[in-house]
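Chemist: Sharing a structure below in structure tokens format, with a few things to ask.
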Amino acid sequence: AAGVIQSPRHLIKEKRETATLKCYPIPRHDTVYWYQQGPGQDPQFLISFYEKMQSDKGSIPDRFSAQQFSDYHSELNMSSLELGDSALYFCASSLRGQGTYEQYFGPGTRLTVT
Amino acid sequence: QKEVEQNSGPLSVPEGAIASLNCTYSDRVSQSFFWYRQYSGKSPELIMSIYSNGDKEDGRFTAQLNKASQYVSLLIRDSQPSDSATYLCAVIGRDDKIIFGKGTRLHILP
Numbered sequence: 062a063a064g065v066i067q068s069p070r071h072l073i074k075e076k077r078e079t080a081t082l083k084c085y086p087i088p089r090h091d092t093v094y095w096y097q098q099g100p101g102q103d104p105q106f107l108i109s110f111y112e113k114m115q116s117d118k119g120s121i122p123d124r125f126s127a128q129q130f131s132d133y134h135s136e137l138n139m140s141s142l143e144l145g146d147s148a149l150y151f152c153a154s155s156l157r158g159q160g161t162y163e164q165y166f167g168p169g170t171r172l173t174v175t
Numbered sequence: 853q854k855e856v857e858q859n860s861g862p863l864s865v866p867e868g869a870i871a872s873l874n875c876t877y878s879d880r881v882s883q884s885f886f887w888y889r890q891y892s893g894k895s896p897e898l899i900m901s902i903y904s905n906g907d908k909e910d911g912r913f914t915a916q917l918n919k920a921s922q923y924v925s926l927l928i929r930d931s932q933p934s935d936s937a938t939y940l941c942a943v944i945g946r947d948d949k950i951i952f953g954k955g956t957r958l959h960i961l962p
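Just so you know, the sequences run in chain order V and A. To convert, note that position 35 of the first sequence is 96 in the numbering used here; the numbers rise steadily by one, no gaps. To convert, note that position 97 of the second sequence is 949 in the numbering used here; the numbers rise steadily by one, no gaps.
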């Protein structure tokens, strides 16, 4: 079965640079979630989109923005990167429109800020 | 009070024994509950979902839900070394947000 695809898998950036992470949800899933996970931490919810509209916002810094496109893929844009942004970034998708909240995670993007 | 609480562990269980992982939640209106397994450096993998009181079995895994006690558990029978991972309990709250516990590290002793 098709899974959530994320790209790139690894990314190294310097402080104050920008980064763009991409997520391709499971086909026919209508909701995308973004999470940040630091070492030894549980996933921290950043933002979600349902049917291409922002549906919920968590602890996403103002330096970050995201959107979901007409083909349902989503991009997380991160600007003015800081050392503390180094983390695993996961995207998850679900079929929320049918009342199921099971989220399926992608493999993640490991961002390292130097 | 944290919304979803788990014992951080590590929980050490001999190979072949039953591992029991517990989770409590604070929001009484929660209706959907999930267990994720996460290996170090990998993404969380959904292994069980449960929506009604009682037990739900899937292979070696059994999820148990008690809404009156606001308690959900995961039993792993015939534990294998490959079960060594962090197990995240997740609950859908009143505003449809998924809330993760901080996870329990499980270590299966060969």
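Think of the CB as a built atom: it goes at the ideal place given N, C-alpha and C, for glycine as much as any other residue.
What does GLN164/V reach in chain A if we use C-beta pairs closer than 9 Å?
Modeler: PHE886, TYR888, PRO896, LEU898, ALA942, ILE950, listed in chain order.
Chemist: So which residues on chain V does SER901/A lean against when the C-beta distance must stay under 8 Å?
Modeler: What SER901/A touches in chain V: GLU163.
Chemist: Leaving out five residues before and five after THR79/V in sequence, what residues of the same chain have Cβ atoms less than 8 Å from its Cβ?
Modeler: Around THR79/V: ASN138, MET139, SER140, SER141, LEU142.
Chemist: Using the Cα positions of LYS113/V and ASP91/V, report the straight-line distance between them to the nearest angstrom.
Modeler: About 8 Å.
Chemist: Do ARG929/A and GLY861/A have their C-beta atoms within less than 7 Å of each other?
Modeler: Their beta carbons are not under 7 Å apart, which means ARG929/A does not touch GLY861/A by this criterion.
Chemist: Within 7 Å of any Cβ in chain A, is that where the Cβ of ASP91/V sits?
Modeler: Cβ-Cβ to chain A under 7 Å: no for ASP91/V.
Chemist: Could you tell me which uninterrupted beta strand (DSSP E) segments, each at least 3 residues in length, are contained entirely in the stretch 76-134 of chain V, listed from first to last along the chain?
Modeler: Counting whole runs of 3 or more residues, the stretch 76-134 of chain V contains the beta strand (DSSP E) stretches 80-85, 92-98, 105-111, 114-118, 125-129.
Chemist: Going by C-alpha to C-alpha distance, which of HIS959/A, ASP948/A, TYR877/A sits closest to GLN932/A?
Modeler: Looking at the Cα atoms, HIS959/A is the closest of the given residues.
Chemist: Along the chain, where does the beta strand (DSSP E) that runs through THR1007/A open and close?
Modeler: Lying before the first or after the last residue shown, residue 1007/A is absent from chain A, which here runs from 853 to 962.
Chemist: For ASP879/A, which of helix, strand or coil comes out of DSSP?
Modeler: Residue state, collapsed to three classes: coil.
Chemist: Have a look at ILE951/A, PRO962/A, ALA871/A and flag the residue whose alpha-carbon is nearest the alpha-carbon of GLU855/A.
Modeler: Looking at the Cα atoms, ILE951/A is the closest of the given residues.
Chemist: Would you kindly work out how many angstroms separate the C-alpha atoms of PHE913/A and LYS76/V, rounded to a whole number?
Modeler: Taking the straight line from one Cα to the other gives about 44 Å.
Chemist: For ASP123/V, is the classification buried or exposed, using 16 other Cβ atoms within 10 angstroms of its Cβ as the cut-off for buried?
Modeler: Exposed, because fewer than 16 other Cβ atoms sit within 10 Å of the Cβ of ASP123/V.
Chemist: Output, in chain order, the set of chain A residues within a Cβ distance shorter than 9 Å of ASP132/V.
Modeler: The contacting residues do not exist; ASP132/V stays about 22 Å from chain A at best.
Chemist: Relative to the alpha-carbon of ASN859/A, which residue among SER904/A, SER925/A, SER901/A, GLN883/A has its alpha-carbon at the smallest distance?
Modeler: Here the closest residue by C-alpha is SER925/A.
Chemist: Are the CB atoms of LEU898/A and TYR888/A nearer to each other than 7 Å?
Modeler: Cβ atoms of LEU898/A and TYR888/A: closer than 7 Å.
Chemist: By the 8 Å beta-carbon criterion, what residues does the stretch 854-875 of chain A contribute toward chain V?
Modeler: Going along the stretch 854-875 of chain A in chain order, one finds no residue with a Cβ nearer than 8 Å to chain V.
Chemist: Please classify LEU144/V: does DSSP put it in a helix, a strand, or coil?
Modeler: Three-state DSSP puts LEU144/V in a helix.
Chemist: At a CB-CB cut-off below 9 Å, which residues of chain A make contact with GLY99/V?
Modeler: The contacting residues do not exist; GLY99/V stays about 12 Å from chain A at best.
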